[in-house]
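Student: Just so you know, the sequences run in chain order A and B.
Residues 156 to 633 (my numbering) are what the first sequence spells out, left to right.
Residues 95 to 135 (my numbering) are what the second sequence spells out, left to right.
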Amino acid sequence: MTGPVISGTSAVLAHVPGLARHGSKPSRELPRDPELQERFLGSLRTFEQAVAYAPHQAFLGARHPRDLPERPWIGAAPDGEGRFAGAGELMPEDEFLGLMAAVDDFDLIKLGGGDTDAVIDKLAGHPLGERIDLERVADAGGDAEAVAAEPGALPLHVGGDRLAGAIRRADEFDEALTARVLLENLAGKASGVLALLRLLADHEIEADSIDYVIGAGEEAIGDRYQRGGGNLAKAVAAAGGLSEASGMDVKNFCAAPVPALVVAGSLVASGVFRRVVVVAGGSLPKLGMKFQGHLKHDMPVLEDVLGGSAVLVEADDGVSPRVRLDSVGRHPVAAGSSNPKVMEALAIAPLDRIGLGMLDVDDYATELHNPEITEPQGSGNVPERNYKTLAALAVRRGDLARGEIGEFVEGRGMPGFAPTQGHIASALCYLPHARARLVSGEARRVQLIAKGSLFLGRMSEQSDGMSVILERNDGVGG
Amino acid sequence: MFDGKQIVVLGERDGIAGPAIAACVKSAGGNVAFASTECFV
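(1) Under 8 Å, with one C-beta from each stretch per pair, do the region 159-166 of chain A and the region 460-474 of chain A reach the 3-pair mark?
(2) In whole angstroms, give me the CA-to-CA distance for L480/A and Q602/A.
(3) Less than 7 Å between the beta carbons of V274/A and G253/A, yes or no?
(4) Does C118/B get closer than 7 Å to chain A when you measure Cβ to Cβ?
(5) Of the residues that make up the region 105-129 of chain B, which ones have a beta carbon closer than 7 Å to any beta carbon in chain A?
(6) Under three-state DSSP, which class holds D619/A?
(7) V258/A to F202/A, Cα distance in whole Å?
(8) Could you spell out the range, first to last residue, of the alpha helix (DSSP H) harbouring T544/A?
(9) Any contact of the region 259-266 of chain A with the region 230-244 of chain A, i.e. 3+ C-beta pairs under 8 Å?
(10) Thinking just about the alpha-carbon of each residue, which of K606/A, L625/A, N628/A is nearest to the one in S618/A?
(11) Suppose the cutoff is 7 Å on Cβ atoms and the five residues either side in sequence are ignored; what does the same chain contact list for R97/A look like?
(12) Figure out for me which residue from P113/B, F96/B, A122/B has the closest Cα to the Cα of L104/B.
(13) Relative to the C-alpha of W224/A, which residue among P570/A, D518/A, A580/A is closest?
(14) In the DSSP assignment, find the alpha helix (DSSP H) that holds N149/A and state where it starts and stops.
(15) Would V102/B be called buried (16 or more neighbouring beta carbons within 10 Å of its own) or exposed?
(16) Pick helix, strand or coil for Q576/A, following the three-state DSSP scheme.
(17) Keeping to the same chain, check which residues put their C-beta closer than 7 Å to that of G633/A; ignore five residues upstream and five downstream.
(18) Just to check my reading of the structure: S438/A and E373/A have Cβ atoms closer than 8 Å, yes? What is that Cβ distance to the nearest angstrom?
(19) Do the region 384-398 of chain A and the region 315-322 of chain A touch if we need at least three Cβ pairs shorter than 8 Å?
(20) In the region 429-461 of chain A, which residue ranges form an unbroken alpha helix (DSSP H) of at least 4 residues, counting only runs that do not cross its ends?
(21) Name the residue from N407/A, L397/A, V456/A whose alpha carbon lies nearest to the alpha carbon of R430/A.
(22) At a CB distance below 7 Å, what residues from the region 608-619 of chain A approach chain B? Give them in sequence order.
(23) Suppose you measure from the CA of N340/A to the CA of G377/A; what does that come to, to the nearest Å?
(24) Applying a beta-carbon distance threshold of less than 8 Å, which residues of chain A neighbour V103/B?
(25) Can you tell me whether DSSP reads H312/A as helix, strand or coil?
(26) Measure from the C-beta of F134/B to each C-beta in chain A and report whether the shortest distance is under 7 Å.
(27) Around the C-beta of I509/A, are 16 or more other C-beta atoms found within 10 angstroms, so that it is buried, or is it exposed?
(28) Check L611/A in the structure and name its three-state DSSP category.
(29) Expressed to the nearest angstrom, what Euclidean distance is found between the alpha-carbon atoms of E562/A and R552/A?
(30) Within 10 angstroms of the Cβ of H211/A, are there 16 or more other Cβ atoms? Answer buried if so, exposed if not.
(31) Taking only three categories from DSSP, how would you classify L254/A?
(32) Tell me which residues share the same chain as M255/A and place their Cβ nearer than 7 Å to its Cβ, disregarding the 5 neighbours each side in the sequence.
(33) Taking only beta-carbon positions, decide if V537/A is within less than 7 Å of chain B.
(34) Answer yes or no: do R590/A and I229/A have a C-beta to C-beta separation smaller than 7 Å?
(35) Please list, in chain order, the chain B residues whose beta carbon lies closer than 7 Å to that of L524/A.
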C-alpha cells in the first residue's frame, strides 16, 4: 500500500454575465417583471471588473485569502493580476460559449455567425488552444436567431443582452433533456474541461497517463429514465483527451469533492489505479442566486461566474502533500443535524483518532463562500460561523483558551472568497493554497471539511459531510 | 408557551435544523404546521 498525494491542482472561473439570467432564481423572477430584468441586466459586471475582484484572484490562487484587503471588495482598485493567475484563469464569456460549443457532442449549441470567427481567433490564441476542438466551434456557427426562435430553445447572450448563440432541446417531450437542463450540464462540462486542461498544461501531465477521473459536480445528467444518471467525469475525460481514462461521478450535494478525493486516494493507495483526477465544473443554476439582495443594496450582480477545479491524486512522490486516509471524518446518521455535532464528527473525531490536537492543524478549510455575496441577501457569513463553531469546540476540548478564539478564527480560518458555487466553495477551492503552503512548509496540516444538504432532495432529513487532513510530505515515503 | 399556536418552522443547515426546532416547539405545546430545513448557500 502506498500513500496518496496531491501532485497538482487547478482553479478556473468563467465570467458569464450573459448566462446569469438562466440561473434558477433569475429565470423565475425576471420574466415576470420587465423593470427588474432591466435593472438586473444593468447591474452585471464587465470582464475587467470580474478580473479585478480580489476574491476571484484568491480563488485562482494568486493571493491567499488571509491576505485579502478589508471589505468592501467591490469597487476596489485592481492589484495588477490579470486573467491568467495563480493555478488557473478567469475566462471571458465569449470564449466560454466557444468552449461549450467545442465540447458539445450533440450539436446542441449554435453560435451567431459573426461571433464564431472572433471566438475561434481568440481560442486559437489561448494557451490551451491546441487542446480545444476549434473545428467543432466552427461547425457550431450559423443563425443563432433562428435557433433561438425554435420551440424549446434558449437564447445565449454576451455583454448582458446581446444574442450570441442559442441552445436547442434534445427531445420534444423529455423533461430531462430540455434546453435549460442541457445548458446546465454543458456549462458544468465545459468548466470542468477547462479545469482539467489547465491541470494537465500547468503540471506537464501526459493526458494518457491518467487512469481514472472522478466527477464531483452538482449537475444531474441523464434522460427521463435515469435523471441524474451521471458520469460527467468520463465526458470531461474524453473532451480533455484522456484516452486511457475511465470515470465516474461521486454525488453528495456540496460535499461531493471531499468524498471524491478520499475515493481517489483510496484507489491509489490500494493500487487499483496509479493516477486519478478529481474534477468539478460549475453550477449554472446558482448564477444570480442572491441577486435580489445585491440589487437591494445597489451592488452589482456578484454571482456571474462559474467555478471549476481539478486535482491530481497519485502515489507518493516524496514532495507533494499527503492525503491522510487515516484521518477521514464522516458524519454518521446518529450524529444528528446540529452544526456543533456535525463539526464534532467531521473535525474533532478524526483528530482524536490519530492523536492530534486542534492546534496541530494550521488551516481549516470549510465552506468558503464569499460573505460579500451572501450577507446582502441575509444569508450571513458562513465561513465565519463555522470557524467560531470550531473555535468553541477547541475551547471545550481544552486545546484553546476562551480568550484565544479570535486568534484561532483569524489565524487558522480565513475569509470566504469563493463564489456561491456550492461544491466548489466547500473546501475544494482551498486546494491550490493548501498544496502551495504544504509544499513550501508554511503549513504542516490542512483539514478539508465539506458539508452537503441531503434534505433538499426530500428523501431524508439528514445532512452529510466528510473531512480529510492533508499533510506536508517529509519525503521518507508513505 | 406555544399552547394553541400554529407554528411554521424554518431551520438552517449551518445553524439549527428544522426537526430540532420542531421538537422544541412541540415540547412547548405548539402545533407544527410546517417544518423545513433550508440551505442558504
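Using N, Cα and C, we set each Cβ at its ideal position, and we do this for glycine too.
This structure is a prediction, so every number in the text was calculated from the model and none was measured.
Tutor: In terms of the structure at hand:
(1) yes
(2) 12 Å
(3) Yes. Within cutoff.
(4) no
(5) R107, D108, G109, I110, A111, P113, A114
(6) strand
(7) 23 Å
(8) 537-552
(9) no
(10) K606/A
(11) The structure shown does not extend to residue 97/A, since chain A is modelled only from 156 to 633, so the question has no answer here.
(12) P113/B
(13) Note that residue 224/A is Pro in the sequence shown, not Trp. Ranking P570/A, D518/A, A580/A by Cα distance to P224/A puts P570/A first.
(14) Residue 149/A cannot be examined here, being either before or after the span of chain A that is shown, 156 to 633.
(15) exposed
(16) coil
(17) The predicted model places G633/A with a pLDDT of 48, which falls under 50 and marks its position as unreliable; any figure quoted below should be read in that light. Only T157, G158, D471, R477 meet the Cβ criterion.
(18) 5 Å
(19) no
(20) 446-451
(21) L397/A
(22) Answer set for the region 608-619 of chain A: S608, F610, L611, E616, S618.
(23) 10 Å
(24) Residues of chain A whose Cβ lies closer than 8 Å to the Cβ of V103/B do not exist, since the nearest Cβ in that chain is about 12 Å away.
(25) strand
(26) yes
(27) exposed
(28) helix
(29) 17 Å
(30) With 16 or more Cβ atoms within 10 Å of its Cβ, H211/A is classed as buried.
(31) helix
(32) I264, L341, A342, A345
(33) yes
(34) no
(35) Reading off the sequence, residue 524/A comes out as His, not Leu. The contact set of H524/A on chain B, defined by CB atoms closer than 7 Å, consists of V135 in chain order.
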